[in-house]
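Inspection log for the structure reproduced underneath, given as structure tokens.
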Amino acid sequence: MSTSRVPGRLTSRAEIIERAESWLRRPVAYGQNKFHANEFGIYRADCSGYVSMAWGMPGRPEDRHGGLDTVGLAGASVEISQGELVAGDVLIRTDGTNLTRHVVLFGGWADEAGEKYWGYEQAGGTRTALRLVTFPYETSPELYVSRRYLNVVEEAA
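Counted from 1, the sequence shown has number 103 at position 118 by my numbering; the numbering is strictly sequential.
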């Protein structure tokens, strides 16, 4: 577990995946100006709102709901290597505009070579999905960075 903390609750990897899967029960339509409410709160129906919900992050400001944007998520996490990726971490692109920034929640490797992984994703033009993704991401792969939420609690082995 990291010794650094950011606003938000401590959470386990199992909780992160449980929360991510909650939007798969009835896949949520994408929308940067739309919100989705369920048992975990009210969050923007875009990629960073989805990861904010999965990580259990507060909205910004907390009374507005919605979650952090991709730059905020990067600030609530630490860069890790490809070999360190485990369920609940993210692949994130923070450069550009709200049309180019993106984040995908890492669900686990789909192959031993580390070329494909299961990604929980909320992307434009679609609904929430768990899909096979080429590492680190299909479009502009050089711009995606692996990161780990600072408030994740590592389960005992």
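Beta carbons: idealized from backbone N, C-alpha and C, even for Gly.
For Arg78, same chain residues with a beta-carbon under 8 Å away, outside a window of 5 residues either side, are Thr55, Thr85, Arg86, His87, Val88, Tyr122, Ser125, Leu128, Tyr129 and Val130 in chain order.
For Gly93 and Val137, the gap between their C-alpha atoms comes out near 16 Å.
Look at Arg86 here: in three-state DSSP terms it is coil, with no helix or strand label. Burial state of Ala30 is buried, judged by a 10 Å Cβ sphere holding 16 or more other Cβ atoms. Secondary structure within the region 1 to 63: the beta strand (DSSP E) runs of 3 or more consecutive residues, fully enclosed, are 16 to 23 and 26 to 30 (chain order). Going by C-alpha positions, Ile2 is about 28 Å away from Thr82.
Within the DSSP bridge table, the entry for Glu123 names no partner. With respect to Gly52, Ser37 sits close: the two C-beta atoms are nearer than 9 Å.
Put simply, the backbone Cα of Val(-9) is about 23 Å away from that of Glu106.
Take the alpha-carbon of Tyr15 and the one of Gly109: they are about 6 Å apart. Spatial neighbours of Gly99 in its own chain (CB-CB distance under 7 Å, excluding positions within 5 residues in sequence) are listed in chain order as Gln67 and Phe120. Secondary structure at Gly68: helix, using DSSP grouped into helix, strand and coil.
With 16 or more other Cβ atoms from the protein chains shown falling within 10 Å of its own Cβ, Ala39 counts as buried.
In the displayed model, Ala114 falls within a strand according to three-state DSSP. For the 9 Å CB-CB criterion, Val75 and Tyr134 form a contact.
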